[in-house]
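Below is one structure, written out as structure tokens; the observations come after it.
In the working numbering, the protein residues as written are 978 to 1136.
This is the structure in structure tokens:
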């Protein structure tokens, strides 16, 4: 008979589960990186809190922009009137902000910004790297993420 393994406090914190305002809350990967101090960048105009705030705003715009692209697999009527757009102004504004923000991030920073902010996945470390090289790889990912988020901040604060 297999015994279930329960999550202890350290495992829950490592997975980003915290208690906030009396409720359990699953942090985003960006919030986890912020708590580790990985959104700090020396000699930058912006701080880690700015990167977190605008990174979360960028993520929200992404989800709002894609909300109307979700469809169910079952259609009641085979005739669909596609001429009527039912997107709200909020969704259209989010799409515009999201597109501007994506265009502002240079191509060399975009893969890590997309992976951490939108896909909420850790960067993939090549398996052949030594521990020292893996540490350096994560350091470079953090720098690229911060520099990409700085561009997003500039885009959001311009308008």
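The beta-carbon is built from N, C-alpha and C at its ideal position, and this holds for glycine as well.
State yes or no: is the C-beta of residue i within less than 8 Å of the C-beta of residue j?
i            : j            : result
residue 1089 : residue 1122 : yes
residue 1015 : residue 1091 : no
residue 1095 : residue 1039 : yes
residue 1027 : residue 1130 : yes
Distance, Cα to Cα, residue i vs residue j?
i            : j            : result
residue 1033 : residue 1023 : 15 Å
residue 1061 : residue 997  : With a pLDDT of 48 at residue 1061, under the threshold of 50, the modelled position of that residue is not reliable, and the figure given next carries that caveat. So the alpha carbons of these two residues sit roughly 41 Å apart.
residue 1135 : residue 1068 : 20 Å
residue 1006 : residue 1093 : 6 Å
residue 1011 : residue 1042 : 25 Å
residue 1124 : residue 1086 : 7 Å
residue 1019 : residue 1111 : 21 Å
residue 999  : residue 1083 : 40 Å
residue 1066 : residue 1031 : 21 Å
Inset, instruction - Taking 8 Å as the threshold, find out whether the region 1096-1107 comes into contact with the region 1078-1086 through three or more Cβ pairs. - result: no
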